[in-house]
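Chains as they are written, first to last, in this note's numbering: chain A, 2 to 208; chain B, 2 to 208; chain C, 2 to 208; chain D, 2 to 208.
See below for the structure under consideration.
There are 4 protein chains.
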Amino acid sequence: MEEKKEIIRRAAVEVIAERGFHEATTRMIAERAGVAVGTLYNYFHTKEEILAHIVTEERSRRLAFLQRVRETDATAETKLREFLRMHFAQVGEDPLTVRTVLREFRFSEREELQPLMDYFREIPRVIAQILGEDIESPSGRLRGTALFGALQAFTLEMTIFPEEERPRPEDAIECLVDLFIHSRRSRANSTRTPGADPLQRWEEMDR
Amino acid sequence: MEEKKEIIRRAAVEVIAERGFHEATTRMIAERAGVAVGTLYNYFHTKEEILAHIVTEERSRRLAFLQRVRETDATAETKLREFLRMHFAQVGEDPLTVRTVLREFRFSEREELQPLMDYFREIPRVIAQILGEDIESPSGRLRGTALFGALQAFTLEMTIFPEEERPRPEDAIECLVDLFIHSRRSRANSTRTPGADPLQRWEEMDR
Amino acid sequence: MEEKKEIIRRAAVEVIAERGFHEATTRMIAERAGVAVGTLYNYFHTKEEILAHIVTEERSRRLAFLQRVRETDATAETKLREFLRMHFAQVGEDPLTVRTVLREFRFSEREELQPLMDYFREIPRVIAQILGEDIESPSGRLRGTALFGALQAFTLEMTIFPEEERPRPEDAIECLVDLFIHSRRSRANSTRTPGADPLQRWEEMDR
Amino acid sequence: MEEKKEIIRRAAVEVIAERGFHEATTRMIAERAGVAVGTLYNYFHTKEEILAHIVTEERSRRLAFLQRVRETDATAETKLREFLRMHFAQVGEDPLTVRTVLREFRFSEREELQPLMDYFREIPRVIAQILGEDIESPSGRLRGTALFGALQAFTLEMTIFPEEERPRPEDAIECLVDLFIHSRRSRANSTRTPGADPLQRWEEMDR
DNA sequence: TATGAATGAGTGTTCATTCAT
DNA sequence: GATGAATGAACACTCATTCAT
């Protein structure tokens, strides 16, 4: 019964999104999942592994977005819009998972989570590529970082604000396009040097 | 000897920056500070209060930045540059405190930290004001949020990346000015409606 | 395995009887019970709850004595003898529990023990009834209190004195009957006014 | 300044009467006394010693009662009345001290308090003497114990009951005289055998 | 003497993890 | 697989006691 693992993941996402990883006990997760505590350990070795699983799954999903967007042969603006659209759709569908990742992940020092940390560190570069920036130039990387940061800020607000205060995805998309695409028009074109492809590495990580 | 409180604060910042609040034990903090565990409790009522103290101090500093910048009668660009300059200077001087705040604060559900939570929620609005945006319009608020997010992303990188990968403050400033000021040139001028002043409230919080 | 709760109760009784509640650590109790500290908390929420459980159980037992005695339609002397006989039998069977209750209970300010406190405050009245005293008259209540006090003094001696110094139950009974029944002969008969029945309340407390 | 020791004793009595010995911290006692914590240790070696001092003082006072009563050449009834009168007067004057002794003392296992424990163990015998009982006979000792117990029960009620429920000393005296003197009328006179004088020992204890 | 900051052993309690059923 | 009672290391926090001032 492999769906039980999913039930547990879901329960963990809920409890961790509500209370944070450290405040979320295995007992709570088990109760929410409707199983005994011991059962958790049939599917995960440790509590940390549950968190790692949540983040890994989420990573795969995001990876798919990025992958699909890069395959398209379109303008930077189109690509960006498409990526943002998919991202916000995912936030809307499963805000708790997104919140959990945002909340617990960025700073973990756990050995086994380092590969995932590196993944997050890489995202700005991939985003820069989508923007059509030169990821080897400081400016290109900075813009990637800036977009990633702004995106996180929007995501966060969508995830923790009360319904009526949350930014609407369409507005967020327009805002980001405005900032990151239109602001560029006035600047000199940067030549795109491909360099090592950061996304590649992460596709391979999925077994 | 009131400097002992500062010694403890410093030790706590270090340990929490390294390991996170929950992984940081009172014993570790005491050891790092070179005092006995009990001594912590002569200066703080609980472990949480130590964190609250760290964040409050940091909040005061940031408040001072914002205050000073708003007092100036200058263009949005000048104000923004000045604010960013001060912010990054502070990051450079005390990266651990900044990291601690960034790391531990955004999601805390602790009752006593709620006022501070609200403060962080308010920052995007204040930033929007500095940008000269209309903080009552969705667009204005979104741009405030976006800048706050981008700023955090840079700050984070300056704080956890190895020396050579860290963005340079000057570059970060140029990037943000470019994004948030220049991109605006092409858009219609928005009228600035003052509205309730969010900063006001926080100044009063400092007694 | 519900007998484990009884094992823990027993261990707690022993340790608390020896050292007093405050000097009895959870570790000691666990050790005596032959379980891990954590196990205590599978059966009781707090250390205080263990004490409360001990006292409550004991209360039920005493309640049963009083109940049985009151049901009989007999002279005051017979009732008193019967009650004392049962009481001292219980003391002989489980002196440690009796000692624990005597030792720890009378002054506790703990919120959750207040109902039990009230119970102890009520006992003198019930005893007065058994004596056939008018519990509404000062004299009646005083005699109830006096008997309760004398009984406790005997109980205490039976419980902490070395074997050979302990009063013998038969002697104690004779002494008390002598004091509280025979001394009455010479006095004017007091009419017994029933009033609110204090025992009633406590029977209901047992669900 | 030897009166400071008395100030501390008084403060300790108050705090311990309110909260119990274990819940009374040295800080509380010091605060109540209006001195620094360290000052306590200029007058007492340990917290326990403060308690011991309280009890010892109280013991001396009671000893004086008993002493004075025994010196009189009067009937058992007169002696008893006099002793009770003095005892209840003292309860009225300083109920907190009485409460403290009643509350904390009877069970202490502390090495250094054993002599005092023995003293309390002896009291019933002295009381039996006042009653004119043969303290070598079981019956005599039992009656001493019974009176001591009844006396404690009254004292307790005077000490912890709300004003209006407290027994009045006159009533208590009548009740006890009634029980312990009048009940005796019907019984055979017991010859008084002096035996070792228990009081003697305690007079010597006072240096 | 008086102070009160510093101490650190010791407390009750939690909770991730195990394992016999 | 599923269970949940048992475990015990680890935690935040307390407080009697000390001692430099």
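Ideal placement from N, C-alpha and C gives every residue a C-beta, glycine not left out.
- Contact between D/I124 and D/F84 is absent: CB atoms are separated by about 11 Å, not below the 8 Å threshold.
- For D/L132, the secondary structure class from DSSP, reduced to helix, strand or coil, is coil.
- In this structure, the beta-carbon distance from C/I131 to C/V70 falls below 8 Å.
- With fewer than 16 other beta carbons inside 10 angstroms of its own, C/S61 counts as exposed.
- Put simply, the backbone Cα of A/D119 is about 11 Å away from that of A/F106.
- Taking C/G133 as the centre and dropping the five residues before and after it, the same chain places the C-beta of A77 closer than 6 Å to its C-beta, in chain order.
- In the displayed model, C/D172 falls within a helix according to three-state DSSP.
- Taking A/I182 as reference, the option from A/F22, A/A147, A/A90 with the minimal CA-CA separation is A/A147.
- A/E72 and A/K80 have their alpha carbons spaced roughly 10 Å apart.
- Here DSSP, grouped into helix, strand and coil, assigns D/E123 to helix.
- For the pair D/E15 and D/R33, the CB atoms are nearer than the 8 Å cut-off.
- Assignment of D/R167 by DSSP, reduced to helix, strand and coil, places it in the coil class.
- The beta carbon of C/L157 sits closer than 7 Å to those of L103, all from its chain and outside the five residues before and after it, given in chain order.
- According to the DSSP assignment, D/A37 belongs to no alpha helix (DSSP H), since it is labelled neither H nor E.
- At the C-beta level, B/D172 and A/P139 come within 8 Å of one another.
- In the structure shown, B/D179 adopts helical secondary structure according to DSSP, grouped into three states.
- With a threshold of 8 Å between beta carbons, D/A77 makes no contact with chain C.
- Taking all protein chains in view, the Cβ of B/T160 is crowded by 16 or more other Cβ atoms within 10 Å, so the residue is classified as buried.
- Per DSSP, the unbroken alpha helix (DSSP H) holding B/S140 starts and ends at 139-161.
- Among the CB atoms of chain C, none fall inside 8 Å of the CB of D/E7.
- In chain order, F66 place their CB closer than 7 Å to the CB of C/M87, counting only its own chain and leaving out the 5 sequence neighbours on each side.
- Secondary structure note for A/F84: its alpha helix (DSSP H) is the uninterrupted segment 77-94.
- Scanning B/R82, B/V92, B/R11 for the CA closest to the CA of B/H54 turns up B/R11.
- The residues I136, R142, G145, P199, in chain order, have a CB closer than 8 Å to that of A/R126 in the same chain once the five nearest residues on each side in sequence are set aside.
- The beta carbon of C/V36 sits closer than 8 Å to the beta carbons of K5, I8, I9 from its chain, once the five residues preceding and following it are set aside; these are given in chain order.
- Its Cα nearest to that of D/E59, the residue D/P96 stands out among D/A129, D/D179, D/P96.
- Buried is the label assigned to B/R63, since at least 16 other Cβ atoms lie within 10 Å of its Cβ.
- When DSSP states are grouped into helix, strand and coil, A/H54 belongs to the helix group.
- Pairing D/Q153 with D/P170, the inter-Cα distance amounts to about 13 Å.
- When the beta-carbon positions are compared, D/L117 and D/A151 stay at least 8 Å from each other.
- At a cut-off of 8 Å, the C-beta of B/P139 has a neighbouring C-beta in chain A.
- Collapsing the DSSP output to three states places C/E3 in coil.
- With respect to the C-alpha of A/F22, the residue from A/Y42, A/E49, A/T40 having the closest C-alpha is A/E49.
- Identification of chain A residues near B/A129 by a Cβ-Cβ cut-off of 8 Å yields none; the smallest Cβ-Cβ distance measures about 12 Å.
- Chain-order list of chain A residues neighbouring B/F121: empty, with the shortest C-beta distance near 10 Å, by a criterion of under 9 Å.
- Non-local C-beta neighbours of A/V56 in its own chain, meaning closer than 7 Å and more than five positions away in sequence, comprise V102, F106, L117, ordered along the chain.
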